[in-house]
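The block underneath contains the structure these notes are about, expressed in structure tokens.
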Amino acid sequence: MRLIQGNRMTAIILVVAAFLLLLPFVYESRNLLILLTQVFVFSIFAMSYDLLLGFTGIVSFGHAMFFGIGAYSMGIFMKRFEPTLTVFLLAVLTTIVLTGFVSFLVGLLTLRLKSHFYAMLTLSLSGLFLVLAEKWRTMTYGNDGFTFRVPELFIDRTNFYLLCLVVMVAVFLILKRFTNSPLGRVLQAIRENEQRTESLGFQVLHYKIAASVMSGVLAGIAGILYAISLRFVNTSVFAMDITLDALLMTIIGGVGTLIGAIIGAGLIEFAHHWLTELAKEHWIFERWIIFFGIIYILVVMFFPRGIVGTLSTLSWKRKQQPAVKKEEKIAG
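Position 276 (the sequence shown) corresponds to 447 in the working numbering; numbering is contiguous.
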């Protein structure tokens, strides 16, 4: 039954991906293209965060540091060198190495801590990167930031849209395989009961560091795409708001579902765009953040386990009802 459900979900995802792949060729709208590109970028970031929160049970308040490393790596390479595909690939490789090393080091130093102690320490480490970006003006230009050119291939918004879509689908499939692997099962066991998992002989710290490294690298890739989409980078990429966005997307979509991270990213980005557009039409929407908060409250009230988590629970209960009634009838 699980195999059938898994195949059905995979089929639905592939159909949606095919539709999104054809969309820019059948419906020409630059604004929609840019909006969907942002959705894809933040979906990657949210999935990287879901790997920590949803599958390992780690709450991090410093996830933006990996996102920022990716954004600045791409921006600096594109600013200081000729913006070619070779330089782009070099920037991607540099991001993977840097985010992998930093996430390994941060995990090694902090993952021995539990719950809010770890969260607070990651927040402080992210703050250090923010201060570094503000003070190292010869490299980062401080709060003002800098613009940069991108490879000619990505000047066309359709090409960049397709790149982001392909990367998002690839990340989803990789994480789906990763979380269903034996290593992923151990991570879920750690989430449920870390002490019991450790008592079974697993080196819990090693598995948590592995999850941290994977999550950090994927967050860096999201930062790369974000910087290219704006062709501009400043210290805001290290801000706490970036991490909170990922947390919000994961919770709204459904913790530990991956597809929920994509749905959460889409909902938040579309709600943000819709409310800011309404602010231009009527004064009452100028404080759009209040309405955004109301949307979040309503989603949490009616979908306590996130959209995907709640729908999955309801579907499971509906399937269990005939079996329960049949047992009652036999017992009666």
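Note that the Cβ used here is the ideal one computed from N, Cα and C, for glycine as well. From a predicted model like this one, the values you see are computed outputs, not experimental measurements.
| task | Could you tell me which uninterrupted alpha helix (DSSP H) segments, each at least 4 residues in length, are contained entirely in the region 359–404, listed from first to last along the chain? | result | 365–370, 375–401
*Do Ile247 and Thr266 have their C-beta atoms within less than 8 angstroms of each other?*
no
* To do: Classify Phe473 as helix, strand or coil using the three-state DSSP reduction.
  => helix
Practice prompt. Check the C-beta distance from Leu429 over to Met249 and give it rounded, since I have them as a contact under 8 angstroms.
Written response: The Cβ separation is near 30 angstroms, so there is no contact.
Query raised in the report: Going by DSSP, what residues sit across from Thr150 in a beta bridge?
Result: Outside the displayed range of the chain (172 to 503) lies residue 150, so it cannot be described from this structure.
Would you report the Cα separation of Met172 and Lys490, rounded to the nearest angstrom? Low local confidence applies: a pLDDT of 44 at Met172 is under 50, so the model's placement there is unreliable, with the coordinate-based value given in what follows. Each residue's alpha carbon lies about 11 angstroms from the other.
Q: From the DSSP output, in three-state form, read off Tyr312 for me.
A: coil
Just tell me which of Tyr467, Val186, Gly427 has its CA closest to the CA of Glu440. Tyr467
task = Rounded to whole angstroms, what's the CA-CA distance from Gln176 to Thr447? Just pull it up for me.
result = With a pLDDT of 49 at Gln176, under the threshold of 50, the predicted position of this residue should be treated as unreliable, though the coordinate-derived value follows. Near 38 angstroms, if we compare the C-alpha coordinates of Thr447 and Gln176.
**Message:** Here's the rule I'm using: 16 or more other beta-carbon atoms within 10 Å means buried, otherwise exposed. How should Pro353 be labelled?
**Reply:** exposed
Exercise. Beta carbon of Ala393, beta carbon of Val277: below 8 angstroms?
Worked result: no
- Enclosing alpha helix (DSSP H) for Val268 [first to last residue]: 256–281
Q) Excluding the five sequence neighbours on either side, which residues of its own chain have a C-beta within less than 6 angstroms of the C-beta of Gly437, listed in chain order? A) Val210
query = Between the C-alpha atoms of Lys379 and Val258, what's the straight-line distance to the nearest angstrom?
reply = 33 angstroms
* To do: Count the other C-beta atoms from every protein chain shown that fall within 10 angstroms of the C-beta of Val187, then say buried if there are 16 or more, exposed otherwise.
  => exposed
* **Beta-carbon proximity list for Val470, same chain, < 6 angstroms, skipping 5 on both sides** => Ile423
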